[in-house]
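Peer 1: Here it is, the structure, as structure tokens.
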């Protein structure tokens, strides 16, 4: 580890040649949300990104002209008046965004062994559909799902208790949240549901936390289910469109963004009470600011950028005990198969064997992932069906994900861009296992692959710079959420954090985190920064129905289809 940069004397950051009010390390959705709010408040803001494009997990990349977004697969609460829609209107990015509503009858396709179930984008219909499938459990289904809704509504209401007298009523008005707040999903669902298949169906979205039911807090999983009770939405242009809207808005307010600019250290001042005053770049340049905000995960922030020796003994103990979320394998495919004819639509596919979810997660996260011919548990997303404007009439883009333990790749951790043959062979073996697993969901697809690539934990670490390639920040267990989560305001004066390890994970969660961090810096209520702007509106269309597509979108699709057809004819001749 490099020696920590530290100034023992007083530093007047305003007199430094490159002084800023705020420097944000990392341009993920959380960091950009913070940057927008600060720049809008008149602060001089600089965002530094180590990758050559902004966005973190939300960035998009292309293979042979086909777009992929590794970290954005669906977003909830996007309808008019719902929380995510209001957030984007509040940030002032809504007018640049177009979303497609995924199949409302089945935004999630659950495949557990040979069993099938579809999640509809309607809470009451979900209760009815589950009750019809499991008539003996009808009453318990109703009780359990209503409990998840009550707990979530109480959780979402907490920020709105203002003033002394309102806060006195919190224990009464959040009684369900308080009663179940310290229990896992496995514990609470076990009190209500006995049917193993029904449990697996209701727990399938634990994959969105990367943690099995025995570890996921019931409150957190309830909030996630609530987030998608009204369905899932996908941004036109993928996650990169979100980032483009955020960077455009940041620049409109005078903010600055630099890519390919890695931060190696946070400059600290003082011997006892440490104070963050700037950053050191990979090229040795020092840049100073009044506040530093890290959108890197807590491990990168405190272990690498700050240095443990600059933290209190108590905080060092917390950091040493911190566990990070699982990492992943991500398969990226371009195929020339008629996927609608094969039974796919804009809904996600969750696939796992018909066995206890906790036991399956334990086996999936074993260190030896080379065993077996196929990965049995996968999340499958077809972006060209979620975003019809990206489909050229012939080639579809598929992203398939399975969770793995970083230990399987630990021996390759010191390899950088020059990968060993052993690593490349291991990657090829795993890619074939992923394709074999995908065959179980989409028979015959292996014969239609035009191009393929695999992202590994080392890929995650290289491009997104997360501890052990984790995908959700800290492990989303009872030890790392709510009062036990890392705080936005650190023990280092003028150093703040935002992102998946602070408030919540997921593209919407980290954006809310970014706003909350900005509110602490600006000493205001986050709701002031999230207040929907009257002139901001998100355009939403149906992924499964082109009837209401505007002329400009139909023209975009027609041009894309024509180009693909001409290219195909040129190749054939």
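Numbering (our numbering), first residue to last: 32 to 604. Glycine residues also receive a C-beta, built at the ideal position from the N, C-alpha and C atoms.
State the Cα-Cα distance for the pair residue 106 and residue 56, rounded to the nearest angstrom.
Peer 2: Along the chain shown, read from residue 1 onward, the residue named residue 106 stands at position 75. Along the chain shown, read from residue 1 onward, the residue named residue 56 stands at position 25. Approximately 25 Å, taken between the alpha carbons.
Peer 1: Which of the three DSSP states is assigned to residue 229 in this structure?
Peer 2: Taking the chain shown and counting its residues from 1, the one referred to as residue 229 is at position 198. In this structure, residue 229 counts as helix in the three-state DSSP scheme.
Peer 1: Who pairs with residue 413 in a beta bridge, going by DSSP?
Peer 2: What you label residue 413 is simply residue 382 of the chain shown in a count that begins at 1. Partner(s): 429.
Peer 1: As an exercise, report each continuous beta strand (DSSP E) stretch of at least 3 residues that is fully enclosed by the stretch 482 to 551, in chain order.
Peer 2: With a minimum length of 3 residues, the continuous beta strand (DSSP E) runs that stay inside the stretch 482 to 551 are 526 to 528.
Peer 1: On the premise that residue 262 lies in contact with residue 132, defined as a C-beta separation below 8 Å, what is that separation, rounded to the nearest angstrom?
Peer 2: Counted from its first residue, the chain shown places residue 132 at position 101. Counted from its first residue, the chain shown places residue 262 at position 231. With 8 Å as the limit, residue 132 and residue 262 qualify as a contact, their Cβ atoms being about 6 Å apart.
Peer 1: If residue 521 and residue 534 are in contact, beta carbons under 8 Å, what's the gap, nearest whole angstrom?
Peer 2: Within the chain shown, the letter at position 490 stands for residue 521. Within the chain shown, the letter at position 503 stands for residue 534. Rounded, the Cβ-Cβ distance is 14 Å, inconsistent with contact.
Peer 1: So, with DSSP's three-state summary, where would you put residue 298?
Peer 2: Here residue 298 is taken as the residue at index 267 of the chain shown, counted from 1. Three-state DSSP puts residue 298 in a strand.
Peer 1: Quick check on the DSSP output: the alpha helix (DSSP H) that includes residue 279 runs from which residue to which?
Peer 2: The sequence position of residue 279 within the chain shown is 248, counting from 1. From DSSP, the alpha helix (DSSP H) with residue 279 extends over 270 to 283.
Peer 1: Just the C-alpha distance for residue 570 and residue 266, rounded to the nearest angstrom, thanks.
Peer 2: If you number the chain shown from 1, residue 570 lands on position 539. If you number the chain shown from 1, residue 266 lands on position 235. In a straight line, the C-alpha of residue 570 is about 10 Å away from that of residue 266.
Peer 1: Determine whether the beta carbon atoms of residue 277 and residue 108 lie at a separation below 8 Å.
Peer 2: For this step, residue 277 is matched to residue 246 along the chain shown. For this step, residue 108 is matched to residue 77 along the chain shown. No; because the gap between Cβ atoms is not below 8 Å, this pair is not in contact.
Peer 1: Residue range of the alpha helix (DSSP H) that residue 252 falls in?
Peer 2: Position 221 of the chain shown, counted from the first residue, corresponds to residue 252. Run containing residue 252: 249 to 259, per the alpha helix (DSSP H) assignment.
Peer 1: Using three-state DSSP, classify residue 128 as helix, strand or coil.
Peer 2: Within the chain shown, the letter at position 97 stands for residue 128. Here residue 128 sits in coil by DSSP.
Peer 1: Rank 321, 306, 371, 359 by C-alpha distance to the C-alpha of residue 342 and give the top, closest one.
Peer 2: The residue given as residue 342 occupies position 311 in the chain shown. It is 306 whose Cα lies nearest to the Cα of residue 342.
Peer 1: Near residue 479, what residues of its chain come up, given a Cβ to Cβ distance below 8 Å and the 5 sequence neighbours on each side ignored?
Peer 2: Mapped onto the chain shown, residue 479 falls at position 448. Only 366, 367, 368 meet the Cβ criterion.
Peer 1: Between 167, 143, 170, 179, which has its C-alpha nearest residue 154's C-alpha?
Peer 2: Taking the chain shown and counting its residues from 1, the one referred to as residue 154 is at position 123. Checked all of 167, 143, 170, 179; the closest Cα to residue 154 is 179.
Peer 1: Identify the continuous alpha helix (DSSP H) that holds residue 465 and give its terminal residues.
Peer 2: As a working note, residue 465 is residue 434 in the chain shown. Per DSSP, residue 465 belongs to the alpha helix (DSSP H) from 452 to 472.
Peer 1: In terms of residue numbering, what span does the alpha helix (DSSP H) encompassing residue 331 cover?
Peer 2: Taking the first residue of the chain shown as 1, we reach residue 331 at position 300. Unbroken run through residue 331: none, as it is neither H nor E.
Peer 1: Within a Cβ cutoff of 6 Å, which residues of the same chain sit near residue 436, ignoring the five residues on either side of it in sequence?
Peer 2: By 1-based counting over the chain shown, the position of residue 436 is 405. Closer than 6 Å at the Cβ level, and outside the excluded window around residue 436, lie 396, 398.
Peer 1: What are the residues that DSSP puts in a beta bridge with residue 149?
Peer 2: Your numbering for residue 149 matches position 118 in the chain shown. 140.
Peer 1: With 16 other CB atoms within 10 Å as the buried threshold, where does residue 401 fall?
Peer 2: One-based indexing of the chain shown puts residue 401 at position 370. Burial call: exposed.
Peer 1: Might you give, ordered along the chain, the residues of its own chain that have their beta carbon closer than 8 Å to the beta carbon of residue 142, omitting 5 neighbours on each side?
Peer 2: As a first step, residue 142 is located in the chain shown; it is residue number 111 there, counting from the start. Same-chain partners within the cutoff: 380, 381, 382, 383, 472.
Peer 1: Identify whether residue 197 lies in helix, strand or coil by the three-state DSSP scheme.
Peer 2: The residue you call residue 197 lines up with position 166 of the chain shown. At residue 197 the pLDDT is 49, less than 50, meaning the model places this residue with poor confidence; the figure from the coordinates comes in the next sentence. Looking at residue 197 - three-state DSSP - the assignment turns out to be helix.
Peer 1: Would you kindly report the start and end of the unbroken beta strand (DSSP E) that includes residue 358?
Peer 2: The residue you call residue 358 lines up with position 327 of the chain shown. Its beta strand (DSSP E) spans residues 358 to 366.
Peer 1: Anyone know if the C-beta pair for residue 85 and residue 58 falls short of 8 Å?
Peer 2: For this step, residue 85 is matched to residue 54 along the chain shown. For this step, residue 58 is matched to residue 27 along the chain shown. Yes. Within cutoff.
Peer 1: To the nearest angstrom, how far is it from the Cα of residue 598 to the Cα of residue 424?
Peer 2: Numbered from 1 along the chain shown, position 567 holds the residue referred to as residue 598. Numbered from 1 along the chain shown, position 393 holds the residue referred to as residue 424. Looking at the two C-alpha atoms, the distance is approximately 12 Å.
Peer 1: In its own chain, which residues sit with a C-beta less than 7 Å from the C-beta of residue 83, not counting the 5 before and 5 after it?
Peer 2: On the chain shown, position 52 is the one that residue 83 refers to. Taken in chain order, the residues that qualify are 290, 291.
Peer 1: Exposed or buried, which one is residue 247 when buried takes at least 16 other CB atoms within 10 Å?
Peer 2: The residue given as residue 247 occupies position 216 in the chain shown. By the neighbour-count rule (16 or more Cβ atoms within 10 Å), residue 247 is buried.
Peer 1: Out of 481, 151, 462, which one is the CA nearest neighbour of residue 611?
Peer 2: This structure gives no information on residue 611, because the portion of the chain shown stretches from 32 to 604.
Peer 1: Answer yes if the stretch 348 to 365 comes into contact with the stretch 322 to 331, meaning at least three C-beta pairs across the two stretches below 8 Å, and no otherwise.
Peer 2: Judged by Cβ distances under 8 Å, the stretch 322 to 331 makes contact with the stretch 348 to 365, as three or more pairs qualify.
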